Structures are given as C-alpha cells and as structure tokens.
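A.B. asks: After the structure tokens below, expect a handful of questions from me.
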Amino acid sequence: MQTIEGVRRSGVGIGPERTIRDAAAIMEHTGVGALAVIDGEDLVGIVTDRDLVRRGLAKDLPANARVDSVMSAPVVTIDAAADLHDAFALFRTHAVRRLAVVRGQQFVGMITVDDLLINLAADLVDLSRPVTAEILFAHRDSSVQATE
Amino acid sequence: MQASVGDRIVIRGRRAGEPNRDCEVLEVHGPNGSPPYLVRWGDSGHETLFFPGTDATVNRAERTPS
C-alpha cells in the first residue's frame, strides 16, 4: 500500500507571510491541527496548534507575527509512492506525529499517527474476521456420508 | 480528484456531530483540474491551498453553455 493511500484527511497549506492569527483561524475553520507552510511551490515548514501555543502565545508574540516565525522546519517528509511501512519506520525514528507526504518537492498531503492507527485497526478487524467466524460457527461434520 | 474554478469541495466531519466544511475553488494549480487548489472557506473568507484527501468530495458548479 502506498503512503498516499493511507492519507485520510485533506491537507491545508498557507504562505509563510501569513499571520499566526490567520493560522489559528484557519485551523478553527477547517478543523485541521496542522498547516503546511508553502512558499511558492516549496514546502518550507509545518505549523501546528501546539506551535502556536508554545512558540507564539507562550512567547508573547503579537497576533500579526508571521507564521514562519513559529513553524517547525525542516519537515520530515515521505514520498507519496513509498510503502506505508516506511511511514511506520519514520515515526519510529523521529519524534513527530505527522509526516508531510510529497511528490518530488511538492506537498500533497499529511499522514498522521492517527491515520496509521485507523488503518492498523481496520487490518486487525479483517484479520480477526475468520477467527471470530470459527469461534461462533464451529466446524460441523459433513452431512454427506463418507463412502468407502 | 478533479475540480474547476467555482466548484465547491465538501469535507466530511471526522467525528459524530462534527459538521461538514466546505470551500470554493478559486484557482486550480495542478494540470487538468488536479490539485492543489486555492480555495476560500465558507463564511470565514480565508483563502488557503487545499490538498484533498479521501474525506473530500467535489460539488460541481452549474455552468451555463457559452
């Protein structure tokens, strides 16, 4: 399974010159907790609701401070065509909850730990189905008599 | 996903009770109607780039033949 197929939620991107007030309002309105910061066509960072609190509010930054003053960079990325297991490996080796999914240098989406957990849960349900069926509907002897 | 200027994109709420959200496509930045899109969000008027996931669907704008 390719990583891009594991991306469940739409991604939202803003320019680095936008204000942290804008970023907070966009998060509130779009329901996402992290925005890709995109300069031209290049992904230059990620700003999360946590970044706004820790690097903005807690540091007394004005609401019109630029987004790139609080964003996280460089961004941990994964290629859209990479196997989803590679995403597991990146989460294992980096202290992040989101990976930017890219094609070349272009951002195409965000994959989160939550996405992987949901995919994993769905896989477990699929795996448990035959086992559950076996427990609920125990094997019966064949109604057809064996012939000699 | 393919969209054109004027189409609306609806993003399903993720949890029970979470409202759907929608935005209007202002510019198509990819080739042949593909993402990313510059969109304006509902009533807020905020403009952002949008990269659709599996939670998004396109409502085509009605177009009058020219």
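Protein sequences, first through last, are from chains R and F.
The letter at position 40 of the first sequence is residue 40 when you use the working numbering, and the numbering goes up by one with no holes.
The letter at position 63 of the second sequence is residue 1063 when you use the working numbering, and the numbering goes up by one with no holes.
Virtual Cβ for every residue (Gly too), placed ideally from N, Cα, C.
Treat the numbers as computed from the prediction; the structure is a model and nothing was measured.
1) Is the shortest distance between the beta-carbon of R:D22 and the beta-carbons of chain F less than 8 Å?
2) Does F:F1051 come out as helix, strand or coil in the three-state DSSP assignment?
3) Taking R:R54 as the reference, which of R:S69, R:N64, R:V44, R:L43 has the closest Cα?
4) Where does F:N1059 sit, in a helix, a strand or coil, going by DSSP?
5) Determine the DSSP secondary structure at R:S10, reduced to helix, strand or coil.
6) Contact check, F:A1035 vs F:M1001 under 8 Å by CB: the rounded distance?
7) Among F:F1051, F:E1047, F:G1042, whose alpha-carbon lies nearest the alpha-carbon of R:R8?
8) Ignoring anything shorter than 4 residues or poking outside the stretch 43-126 of chain R, list the alpha helix (DSSP H) runs there in chain order.
9) Express the C-alpha separation of R:S10 and F:T1054 in angstroms, rounding to a whole number.
10) Less than 8 Å between CB atoms is the rule here; does R:T30 satisfy it with respect to chain F?
11) Pick helix, strand or coil for F:E1027, following the three-state DSSP scheme.
C.D. replies: So, to answer that:
1) yes
2) strand
3) R:S69
4) strand
5) coil
6) Before going further, note that residue 1035 of chain F is Pro rather than Ala in the sequence given. Confirmed, Cβ separation roughly 6 Å.
7) F:F1051
8) 84-93
9) 7 Å
10) yes
11) strand
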